[in-house]
Amino acid sequence: MDDRKPLPPTPVLETARLILRPLAETDIPTIQRIFPQWELVKHLGPQIPWPYPGDGAATNMAMCLDQRAKGEKFFWAITLKGDDTLRGRIDLWPFDGQRRDMRGFWLDPELWGQGLMMEAAEAVTAYAFEVLEWPFLYLSNSAKNVGSHRVKEKQGAVEIAREPFAYVSGPADKVTWILRREAWLARPAT
Ligand SMILES: CC(C)(COP(=O)(O)OP(=O)(O)OC[C@H]1O[C@@H](n2cnc3c(N)ncnc32)[C@H](O)[C@@H]1OP(=O)(O)O)[C@@H](O)C(=O)NCCC(=O)NCCS
Numbered sequence: 002m003d004d005r006k007p008l009p010p011t012p013v014l015e016t017a018r019l020i021l022r023p024l025a026e027t028d029i030p031t032i033q034r035i036f037p038q039w040e041l042v043k044h045l046g047p048q049i050p051w052p053y054p055g056d057g058a059a060t061n062m063a064m065c066l067d068q069r070a071k072g073e074k075f076f077w078a079i080t081l082k083g084d085d086t087l088r089g090r091i092d093l094w095p096f097d098g099q100r101r102d103m104r105g106f107w108l109d110p111e112l113w114g115q116g117l118m119m120e121a122a123e124a125v126t127a128y129a130f131e132v133l134e135w136p137f138l139y140l141s142n143s144a145k146n147v148g149s150h151r152v153k154e155k156q157g158a159v160e161i162a163r164e165p166f167a168y169v170s171g172p173a174d175k176v177t178w179i180l181r182r183e184a185w186l187a188r189p190a191t
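Quick note, the sequence shown lines up with residues 2 to 191 if you use my numbering.
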């Protein structure tokens with residue numbers, strides 16, 4: 002994994018029900034409308050300002066577009082097929098040699114519990130392992146975040162650490178995982 006090479010442009014990825022397309026500046030009002038919900042942010046890290054400011058989505062978008070322009074990270078808008086409106090986000094970035102976390106995601110609560118994030122996570126993981134040929138993904142979540150935890154388990158990730166961390170909702174254990182390419186490729190068909 003060459004961490005210094007700029008990443009290629011974010012590709013459009015398609016799943017059975019979703020189109021993952023590059024995040025765009027025009028998504029700002031939608032994000033500002035959906036994102037600031039306690040149930041959505043409570044298990045996220047302390048970099049999320051809370052209460053969420055009125056320019057939170059715009060400030061974050063500027064940072065994302067800058068990181069993407071530098072080839073540091075991928076940012077996808079999660080959309081339902083047939084409707085280009087952003088309904089969630091999934092991000093992916095290479096291992097920097099230190100921070101054991103390489104993916105982030107959130108979904109509009111109206112769409113939870115339908116297997117959609119699993120679908121998005123599988124598409125992004127396929128891109129990381131099959132196209133970029135990364136050997137592993139480090140992943141993490143709050144131990145209290147049952148849905149996010151379950152996505153990692155279902156993908157075949159292995160827990161490697163648990164340590165106290167400060168989330169938006171307060172202290173909780175951070176679970177760190179490694180998902181190896183071989184394990185993911187050998188996962189049972191669903
Ligand atoms: C975590 C999140 C992305 C899950 O999205 P989702 O589309 O509802 O997840 P899926 O439907 O693909 O579910 C995947 C698995 O997790 C389980 N799951 C999802 N949410 C769950 C919950 N709240 N409680 C228990 N299990 C849950 C599902 O049942 C499924 O497992 P199964 O197939 O064995 O039944 C969504 O809840 C979310 O956006 N949360 C807020 C943001 C966040 O926490 N992001 C992750 C930070 S690490």
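A virtual CB, placed ideally from N, CA and C, is assigned to each residue, including glycine.
May I have the straight-line CA-CA distance separating residue i from residue j, to the nearest angstrom?
i	j	result
serine 141	threonine 177	4 angstroms
tryptophan 113	tryptophan 107	10 angstroms
phenylalanine 96	alanine 129	12 angstroms
threonine 11	valine 147	29 angstroms
lysine 6	lysine 74	11 angstroms
arginine 22	alanine 162	32 angstroms
leucine 66	phenylalanine 76	8 angstroms
glycine 105	leucine 117	14 angstroms
aspartate 28	leucine 14	18 angstroms
arginine 69	proline 165	30 angstroms
aspartate 85	glycine 57	22 angstroms
proline 54	glutamate 183	42 angstroms
Quick check: does the Cβ of residue i come within less than 6 angstroms of any heavy atom belonging to ligand 1?
i	result
serine 149	yes
asparagine 142	yes
glycine 197	Lying outside 2 to 191, the shown extent of the chain, residue 197 is not represented and no answer is given.
tryptophan 51	no
methionine 103	no
glycine 98	no
tryptophan 107	yes
glycine 114	yes
methionine 119	yes
asparagine 146	yes
leucine 87	no
Per DSSP, what kind of secondary structure is residue i in: helix, strand or coil?
i	result
threonine 80	strand
asparagine 61	helix
tyrosine 53	coil
leucine 117	helix
alanine 144	coil
proline 172	strand
proline 165	strand
threonine 11	coil
phenylalanine 75	strand
aspartate 28	helix
Hey, would you say residue i sits closer than 7 angstroms to residue j, going by beta carbons?
i	j	result
alanine 121	isoleucine 91	yes
lysine 82	isoleucine 20	yes
isoleucine 79	phenylalanine 137	no
valine 42	isoleucine 32	no
leucine 24	glycine 72	no
valine 196	leucine 93	The displayed coordinates of the chain run from 2 to 191. Any statement about residue 196 would go beyond what the structure contains.
alanine 173	alanine 144	yes
Quick one: residues in its chain with C-beta nearer than 6 angstroms to the C-beta of residue i, no 5 flanking neighbours on either side, listed in chain order?
i	result
proline 52	none
serine 149	Asn142
Got a sec? Which residues, its chain only, sit under 7 angstroms from residue i by beta carbon, not counting five neighbours each side?
i	result
methionine 119	Val152, Lys155
aspartate 102	Tyr139, Leu140, Ser141
tryptophan 185	Thr126, Phe130, Gln156, Gly157
aspartate 109	Ile35, Arg88, Gly89
Keeping to the same chain, check which residues put their C-beta closer than 8 angstroms to that of residue i; ignore five residues upstream and five downstream.
i	result
proline 47	Ala167, Tyr168, Val169
alanine 17	Glu120
Any heavy atom of ligand 3 inside 6 angstroms of the beta-carbon of residue i?
i	result
valine 152	No copy of ligand 3 appears in this structure; the ligands present are ligand 1.
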